[in-house]
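Residue numbers (the working numbering), protein chains in the order written: chain A, 1215 to 1686; chain B, 224 to 326. Quick reminder that beta carbons are idealized off the backbone N, C-alpha and C, glycines included. Note that the coordinates shown come from a computational prediction; the quantities given were computed from them, not determined experimentally.
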């Protein structure tokens, strides 16, 4: 047993528990900033250690745990997301009524759950990691005590999330029954077509589809995104979805055979198609910025599913590259929404009127992030979509690229609608909006990364290619 | 007649469907949580039965079901706390009253 393969997770677990102890020891319970910065530096240090972990391809604990470049890339993605969420949370936590310091350790625990999912080579490990993430998110979504909307979102997420885990578990139990093993790569050879396998695949798709909010399992996301505290909404939208994709890709590509098995590729294609169409179309009439971003994130799940459709290294590389840029662009947009919600007390898109005059930085970052999500060159989202759609076109299948292209054009409409309010309309009052330092850093990072990787995608694409190849 | 794998699987599936029915038909949040518990226990029956009849000699299925039980307990602990929070806010645990967030 090689414990060094778990070093990232061990460090994260130590950090999370250490932060909890720090909360208990701190004399003033409501002074949280020090703990916030400790979280930040801890996560940054762990991120640095992961850069030395590439190139190791091993399993441990009787193949329960796998350490490959794919899992390392995913862990870096979760850490980047957790760092950006912590940065944009520090000023938000001031507004919480109680339990301010504990908030940060929950963010780290959620990241730990996602890391376990990314490294899971076995159904039991997947389940434990997924529940660690999901249960932590139940708490985080309902974190604003005394706020009815937050509590309501928490209860809704709890009931739907627990039900989806139960459905997923039923599928896992059938897979175990069909193969006698829970190790994913060992299943591949033992599975062949049977009615039970069909039920297992359907329940697995339903369970994972819930996590990545693919249509028709997306119904929860707008409600929960709207009710949850805004930094947590960002965390849910980027990291929880990416973690869902991390296991989805591993289970389906490593574990479920396409020959003699169930043709899950067709099911995924149908899901990808309707997810792209419905996500983008329903986003158009939304007037709440968080709801609009929720439907946009449903649409993004559709684009990512196109990468799974090609079921080869190029498609997975597209997923990894796009997921990383999606984290950056989405966190930029949510960070702007956090400041606007705090300073203006509103989440409605028409209230963004004149933001360009009141705070040009926020308006620019929002515009760049949204254009990147829409896939406008030369921003990073364009490169990501190019990788995703060229992978499937190389297989000779053209319709997903066509649907994706048309739906990206549709998405430009509702993304630019926000930009229109910000740049065209006169503000109701002209006082400049104060941007706290931590948020300023988040939005600047999001803007620079989005533009940089759009113009010069080479290095990130190389790492993503290496990570994707380790899966095949 | 001896009891075999089929009987256990039928029991498991029936229990799962009962839980799903409770999940979809009940209006009280706590009753819905009970439905989810039924579904999880159906999975446990499946896992143990498969362990005995398909993968005899290994303990993976039993270990899996122990994990399911532990995680389900954690889930319910958080779940009841959340239901309490919403009860303080709405003075009701009826899911029909959770209608502030709607498209």
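Below-9 Å beta-carbon distance, residue i vs any chain B residue
i	result
residue 1349/A	yes
residue 1342/A	yes
residue 1360/A	yes
residue 1484/A	no
residue 1275/A	no
residue 1345/A	yes
residue 1368/A	yes
residue 1387/A	yes
residue 1454/A	no
residue 1352/A	yes
residue 1284/A	no
residue 1441/A	yes
Neighbourhood of residue i by C-beta distance below 7 Å, restricted to the same chain and skipping five residues each side
i	result
residue 1635/A	1563, 1564, 1566, 1567
residue 1474/A	1406, 1407
residue 287/B	270
residue 263/B	291, 295
Chain A contact for residue i (CB, 9 Å cutoff)
i	result
residue 255/B	yes
residue 237/B	no
residue 313/B	yes
residue 283/B	yes
residue 309/B	yes
residue 224/B	no
residue 227/B	no
residue 321/B	yes
residue 324/B	yes
residue 317/B	no
residue 241/B	no
residue 233/B	no
Nonlocal neighbours in the same chain, by C-beta distance under 6 Å from residue i, ignoring five residues either side
i	result
residue 1538/A	1291
residue 1657/A	1546, 1549, 1579
residue 1404/A	1393
residue 258/B	242, 245, 246
residue 1505/A	1436, 1440
residue 255/B	246, 249
residue 1639/A	1567, 1568
Within chain E, partners of residue i - CB distance below 7 Å
i	result
residue 290/B	The structure shown contains no chain E; the protein chains it does contain are A and B.
Residue j beta carbon less than 9 Å from that of residue i
i	j	result
residue 252/B	residue 1369/A	yes
residue 1487/A	residue 1516/A	yes
residue 1544/A	residue 1448/A	yes
residue 1174/A	residue 1685/A	Here chain A comprises residues numbered 1215 to 1686, so residue 1174/A is not present and cannot be evaluated.
residue 1322/A	residue 1389/A	no
residue 1532/A	residue 1603/A	yes
residue 1462/A	residue 1422/A	yes
residue 1519/A	residue 1472/A	no
residue 1454/A	residue 1347/A	yes
residue 265/B	residue 229/B	no
residue 1294/A	residue 1541/A	yes
residue 1274/A	residue 1233/A	no
residue 1351/A	residue 1444/A	no
residue 1245/A	residue 1319/A	no
residue 1272/A	residue 312/B	no
Cβ-based neighbour list, residue i, same chain, cut-off 8 Å, excluding 5 preceding and 5 following
i	result
residue 232/B	269, 272
residue 278/B	284
At a Cβ cut of 7 Å, what residues of the segment 1412-1439 of chain A count as close to chain B, listed as they run along the chain? Considering only beta carbons, the part of the segment 1412-1439 of chain A lying closer than 7 Å to chain B consists of 1436, 1437, in chain order.
Whether or not the segment 1619-1634 of chain A and the segment 1253-1268 of chain A are in contact is what I'm after, with contact meaning three or more pairs of Cβ atoms, one per stretch, closer than 8 Å; do they touch? Note that the segment 1253-1268 of chain A does not touch the segment 1619-1634 of chain A; fewer than 3 beta-carbon pairs, one per stretch, sit closer than 8 Å.
Below 8 Å, can you find three or more Cβ-Cβ pairs linking the segment 1471-1483 of chain A to the segment 1498-1518 of chain A? Result no; under three Cβ-Cβ pairs closer than 8 Å.
The segment 1288-1321 of chain A: which residues have C-beta closer than 9 Å to a C-beta of chain B, in chain order? So the list is empty, because no residue satisfies the distance condition.
Take every Cβ of the segment 1374-1390 of chain A, pair it with every Cβ of the segment 1407-1425 of chain A, and state whether three or more of those distances are shorter than 8 Å. Contact between the segment 1374-1390 of chain A and the segment 1407-1425 of chain A is present, because at least three Cβ pairs lie under 8 Å.
Short of 7 Å Cβ to Cβ, which residues in the segment 1373-1385 of chain A face chain B? From the segment 1373-1385 of chain A, only 1373, 1376, 1377, 1380, 1383, 1384 have a Cβ closer than 7 Å to chain B.
Any 3 or more C-beta pairs closer than 8 Å across the segment 1568-1577 of chain A and the segment 1604-1616 of chain A: Segments in contact, no.
Any contact of the segment 1666-1673 of chain A with the segment 1582-1600 of chain A, i.e. 3+ C-beta pairs under 8 Å? At 8 Å Cβ cutoff, the stretches touch.
Count the C-beta pairs between the segment 1336-1348 of chain A and the segment 1224-1240 of chain A that are closer than 8 Å, then say yes if the count reaches three, no if not. The segment 1336-1348 of chain A, when compared against the segment 1224-1240 of chain A, does not touch it at the 8 Å Cβ threshold.
Chain B contacts made by the segment 1615-1648 of chain A, where a contact means CB separation under 9 Å: So nothing in the stretch comes that close.
Output, in sequence order along the chain, the residues in the segment 1585-1611 of chain A whose CB is closer than 8 Å to any CB in chain B. For the segment 1585-1611 of chain A, which is checked against every Cβ of chain B, not one residue is closer than 8 Å.
Cβ pair count under 8 Å reaching 3, the segment 1327-1340 of chain A against the segment 1675-1682 of chain A: Not touching, per the Cβ criterion.
Name, going along the chain, the residues of the segment 1326-1337 of chain A whose beta-carbon falls closer than 8 Å to a beta-carbon of chain B. Flagged, chain order: 1337.
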